[in-house]
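For the sequence shown, this note's numbering gives the first residue as 138, with consecutive numbering after it. Structure, as structure tokens:
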Amino acid sequence: MTLQYGIIGPGAVGTTIAYELLRSLDTDQVHLFGKKAWKVPYRQRDTGEQSELQTQTLAHFDDTLDVLFIAVKTHQLDHVIEQMAHVIDDDTLIILAQNGHGQLEKIDYPHVYQAVVYISGQKTEEGVIHFRDRILQVQEDEFTSELAQHLADTRLELQLKDDIEVEIWYKLLVNLGINSVTAVGRQTAAILRVPEIRNLCRNLLEEGQRIAEAAGIVLPETIVEDIMKIYAGYPDEMGTSMYYDIISGAPLEVDAIQGFMYRKGQELGLYTPYLETVYSILAAAENGKLNYK
Ligand code: NAP
């Protein structure tokens, strides 16, 4: 059976998913949806491969998709949900390829999965550049297992997980520390050279660990040290998405990352002063209450 695949969001993640599908599947099976129809210049840094991917708009598509990947930023999701009803039905597998948590509740269809995304890339004025990795982690069940078989000949790695919540929370914590300090401090990973900032990162991670534990998520006991070690390996010049977004004045994914964790902590009656402070500052920046520029 040949499946029809759609990808909404021709940015770093979405264009990579579309490119990898197009490499192995028929062109008429893969549809990349953008805000407008155009050709996205695309380059992979590790392989040197280059291409141009044609986008189309959802409004001009009148088929039903078997699989839909949604790869827009978290604050762009509501608009996509309003636009996508005519290209899906109750059998469509919908994979939310986003950071953060809590967005799934917005999508009222039977087969919706939060993916944990390990695809690194960046959208620039010139197009999309892919840096490394082609991994999407999803909850294992009969539907995702079947999809993994369909994708077996592609370079996209659909990793099936016993308990996707653990993977989602692990990624949330990784994002929590480094995204927060680079965005609040408006500096790249070089900011971690400052001992007080390393301390702040550790405190944020410890609060995140306590929230996860209280929410019943079993993470490794060593998670804070494990993540601090990952951060220590980051090159000074590395920026995070939240860093690039705040310096360019773009909306932040703060509601789905820091906001989700903060609300969860509140719900569970936890006192998380570091998270509360960072979240408040970023939320205020997001609302334009502080002029960061
Ligand atoms: P991105 O580069 O900004 O791509 C999002 C794309 O979706 C943009 O081209 C955007 O257009 C488009 N879009 C927005 N609303 C749309 C709509 N209604 N219809 C069609 N297209 C629409 O974002 P990304 O970096 O791929 O990130 C996607 C998600 O993956 C985020 O949650 C991010 O945190 C996560 N993630 C990213 C990376 C990474 O390395 N980039 C790694 C892991 C996870 P405009 O630009 O015109 O708004």
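Ideal Cβ positions, reconstructed from N, Cα and C, are used throughout, including at glycine. Owing to the predicted nature of the structure, the values given are computational and were not obtained by experimental measurement.
A buried status is given to F397, since no fewer than 16 other beta-carbon atoms sit within 10 Å of its beta-carbon. A distance of 7 angstroms or more separates the beta carbons of T153 and I244. Here the alpha carbons of I272 and A349 stand approximately 24 angstroms from one another. In the displayed model, Q213 falls within a helix according to three-state DSSP. Proximity of the beta carbon of H238 to the ligand NAP is not indicated: no heavy atom of the ligand is located closer than 6 angstroms. For the beta strand (DSSP E) assignment, the segment 347-410 encloses no uninterrupted run of at least 3 residues. Beta-carbon to beta-carbon, T194 and G171 are separated by about 7 angstroms, close enough to satisfy the 8 angstroms threshold. Between L337 and V311, the beta carbon gap of about 15 angstroms keeps them out of contact (Cβ cut-off 8 angstroms).
Distance from the Cα of L169 is smallest, within the candidate group R180, Q181, E189 and R182, for E189. The closest heavy atom of the ligand NAP lies 6 angstroms or more from the beta carbon of S188. Between V253 and Q274 the beta-carbon gap is near 4 angstroms, inside 8 angstroms, which marks them as a contact. Pairwise C-beta distances place the segment 417-424 in contact with the segment 382-392, as three or more of them are shorter than 8 angstroms.
In the DSSP assignment, the residues bridged to R269 are S257.
Scanning L233, H216 and V355 for the CA closest to the CA of Q276 turns up L233. The residues K401 and L405, in chain order, have a CB closer than 7 angstroms to that of A352 in the same chain once the five nearest residues on each side in sequence are set aside.
At least one heavy atom of the ligand NAP lies closer than 6 angstroms to the C-beta of K260. Spatial neighbours of T192 in its own chain (CB-CB distance under 8 angstroms, excluding positions within 5 residues in sequence) are listed in chain order as P147, L169, F170, G171, K173, A174, W175, K176 and V177. Per DSSP, reduced to three states, the secondary structure at Q166 is helical.
Here A155 really is in contact with V167; their C-beta atoms are around 6 angstroms apart, less than 8 angstroms. A421 has its Cβ no nearer than 6 angstroms to any heavy atom of the ligand NAP. Assignment of K173 by DSSP, reduced to helix, strand and coil, places it in the coil class. Shown here, L195 sits in a helix according to DSSP, grouped into three states.
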